[in-house]
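*Asks:* In the working numbering, the protein residues as written are 180 to 311. Got a structure for you, written out below as structure tokens; questions coming shortly.
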Ligand code: THU
């Protein structure tokens, strides 16, 4: 499958739209994540908190759920927003993203695309697991 062209503006818009669905009454930090899938789809997710505070569901988790519900696929590029700013995914979510995009998945960081190999170096498991 040819890698689709990355429309970063469309990803930013999808992440901003996803923020409007956030359930974040405890932190008031509304997060939206959006990704381009290798088949050209754009998927998104929002954070969903609960009264335990610690067991919050990050926006990236919801987005990965959407990926599987939509038939799966590999992530090509990801953008996340928290309130008014672009944010980078937390450690747990970097692991999730790594498993669904591998080392070449691009994350937007301070307006620049950076590969997962930089954002989660020496990751477990090695990316050879994802080949084939
Ligand atoms: N959050 C995300 O949704 N994604 C991240 O990568 C980091 C943090 C959420 C979790 C919680 O609902 C809020 O941001 C404050 O930490």
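Cβ coordinates follow ideal geometry from the N, Cα and C atoms, glycine included. All values derive from a computational prediction rather than experimental measurement.
Can residue 289 be considered in contact with the ligand THU, in the sense that its beta carbon sits closer than 7 Å to one or more heavy atoms?
*Replies:* Here residue 289 is taken as the residue at index 110 of the chain shown, counted from 1. Not under cutoff, so the answer is no.
*Asks:* Please determine whether the Cβ atom of residue 252 lies at a distance below 7 Å from any heavy atom of the ligand THU.
*Replies:* Position 73 of the chain shown, counting from 1, holds the residue named residue 252. For the ligand THU, not one heavy atom lies less than 7 Å from the Cβ of residue 252.
*Asks:* Would you give the residue range spanned by the alpha helix (DSSP H) that residue 185 belongs to?
*Replies:* What you label residue 185 is simply residue 6 of the chain shown in a count that begins at 1. From DSSP, residue 185 is part of no alpha helix (DSSP H); its letter is neither H nor E.
*Asks:* DSSP three-state label for residue 270, please.
*Replies:* Translated into the one-based positions of the chain shown, residue 270 becomes position 91. Helix at residue 270.
*Asks:* Since residue 225 contacts residue 238 with CB under 8 Å, what's their CB separation in whole angstroms?
*Replies:* Taking the chain shown and counting its residues from 1, one reaches residue 225 at position 46. Taking the chain shown and counting its residues from 1, one reaches residue 238 at position 59. Residue 225 to residue 238, Cβ: 5 Å. Contact.
*Asks:* For the ligand THU, is there any heavy atom lying closer than 7 Å to the beta carbon of residue 268?
*Replies:* Taking the chain shown and counting its residues from 1, the one referred to as residue 268 is at position 89. Yes; taking the cut-off as 7 Å, the Cβ of residue 268 has a heavy atom of the ligand THU nearer than that.
*Asks:* Looking at the structure shown, is residue 245 part of a helix, part of a strand, or coil, going by DSSP?
*Replies:* Looking up residue 245 in the chain shown gives position 66. Three-state result, residue 245: helix.
*Asks:* Rounded to whole angstroms, what's the CA-CA distance from residue 246 to residue 280? Just pull it up for me.
*Replies:* As a working note, residue 246 is residue 67 in the chain shown. As a working note, residue 280 is residue 101 in the chain shown. Cα to Cα, residue 246 sits roughly 11 Å from residue 280.
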